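Structure first, then comments.
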Amino acid sequence: MVLPFMGSGPLWDGINPNLIATIYEVDHKGEPLDEANRVRCLFVDDANLEATLNWQSPFEGAGPESRAPTLSAMLQSGAIQPIAERLGDGVGGATKEVSETARGRTGITKLNSTQVFSGMPPLRLQATIMLRAWRDPQAEVEEPLDQLMRWVLPQYLAPEGTMITAALDWYREGDRDVNGFVEAAMPSAAPSMIAIRYKGRTYAPMVVENIGVPLNSPSDQYGRFVQLQLPVTFATLTAIDRNDWDNMK
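Just so we're aligned: 126 in full-length UniProt numbering is position 126 of the sequence shown, and the numbers increase by one with no gaps anywhere.
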């Protein structure tokens with residue numbers, strides 16, 4: 001089934017809808033804010049979803065190798081035997097016997113090599129977005145580019161303000177509520193969160209960590225881009241679990 005064209009972006013006629021990525025604005029719960037205002041694009045080159053899982057070995061230093069690494073290594077390798085031979089029959093004999101017993105042994109066990117899960121950062125999606133004009137560079141490339149940048153950049157940055165000035169402004173106001181103090185202390189608005197619908201899965205909410213706009217891309221006689229390839233790194237708002245992964249479908 002071919003989906004009707006909505007939002008902005010090139011007219012990808014004849015392309016499987018599953019290969020078209022749809023990007024739109026959502027809230028912090030992943031609910032669409034204005035799904036009609038969306039960007040349809042292609043992911044070219046490598047689109048890689050990366051999950052980094054932090055496993056650590058907290059018991060790794062519990063063996064004798066960490067307490068006396070040189071002595072332990074000499075015992076395990078048998079390198080202490082020449083020293084034992086120089087000590088004579090008393091201490092040297094006992095040391096030689098210990099050396100023969102320790103040769104080829106190690107203090108590593110399943111316990112001190114056990115890994116424990118210590119957390120994970122958000123998932124990252126690295127992709128290259130392609131926008132190409134088939135009929136109208138303004139509607140198919142320029143407007144989607146502007147929409148993407150509106151989502152990526154902060155919604156509003158206050159020209160000035162510190163905690164001290166915010167507290168003074170809040171104190172001078174007649175209605176001193178907590179919400180007013182928060183707005184005075186943090187007067188700017190962060191960038192929007194987005195969702196990405198691609199190949200049967202919806203990744204939401206996502207944030208954009210970085211984006212590149214190649215300014216030397218092909219353009220028409222009016223300076224409007226006719227083709228763009230934008231390297232972008234998306235990231236989930238939080239780390240996800242198996243239920244989040246299942247709910248993406």
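Think of the CB as a built atom: it goes at the ideal place given N, C-alpha and C, for glycine as much as any other residue.
Quick caveat, the model's predicted, so the values are computed rather than measured.
Sheet register partners of residue i (DSSP bridge)
i	result
ASN54	GLY119
ARG135	According to DSSP, which records beta bridges pairwise, ARG135 is partnered with nothing at all.
ASN210	THR233
ARG124	GLU50 and ALA235
VAL44	THR128
GLN227	ARG132
SER219	PHE225
GLY202	Sequence check: residue 202 is Thr here, not Gly. Bridge partners of THR202: ARG197.
SER8	VAL39
Residue i - containing alpha helix (DSSP H), residue span
i	result
MET149	143 to 152
ARG242	242 to 247
Simplified DSSP state of residue i, which is helix, strand or coil
i	result
LEU49	strand
LEU19	helix
PHE185	Note that residue 185 corresponds to Ala in the displayed sequence, not to Phe. DSSP places ALA185 in helix when its eight states are reduced to three.
GLU31	coil
GLU140	helix
GLU25	strand
GLY90	Residue confidence is low: GLY90 scores 49 on pLDDT, short of 50, so the model does not pin down where it sits. Its coordinate-derived value is still stated next. If DSSP states are grouped into helix, strand and coil, GLY90 belongs with coil.
Burial state of residue i (16 or more Cβ within 10 Å)
i	result
GLN147	buried
THR14	The sequence shown places Gly at residue 14, not Thr. That one is exposed.
PHE5	Here PHE5 scores only 47 on pLDDT, less than 50, and its place in the model should not be relied on; the value that follows carries that caveat. By the neighbour-count rule (16 or more Cβ atoms within 10 Å), PHE5 is not buried but exposed.
THR238	exposed
residue 250	Nothing about residue 250 can be read from this structure; the chain reaches only from 1 to 249.
GLY9	buried
PRO214	exposed
THR236	buried
LEU157	exposed
ARG135	exposed
ALA51	exposed
LEU111	exposed
VAL182	exposed
VAL116	exposed
residue 250	As displayed, the chain neither begins before 1 nor continues past 249, which places residue 250 out of reach and without an answer.
ALA127	buried
For residue i, the first and last residue of its enclosing beta strand (DSSP E)
i	result
ALA36	Element bounds for ALA36: n/a, residue is neither H nor E.
ARG197	193 to 198
Problem set entry | Inter-stretch contact at 8 Å, needing at least 3 Cβ pairs: the segment 107 to 114 / the segment 206 to 225 | no
For this session: Kindly confirm or deny that the segment 28 to 37 and the segment 191 to 207 touch, where touching means at least three C-beta pairs closer than 8 Å.
Result: yes
For this session: Decide if the segment 139 to 156 is in contact with the segment 44 to 53; the criterion is three or more beta carbon pairs, one per stretch, under 8 Å apart.
Result: no
Exercise. If you pair each beta-carbon of the segment 189 to 198 with each one of the segment 18 to 28, do three or more pairs fall below 8 Å?
Worked result: yes
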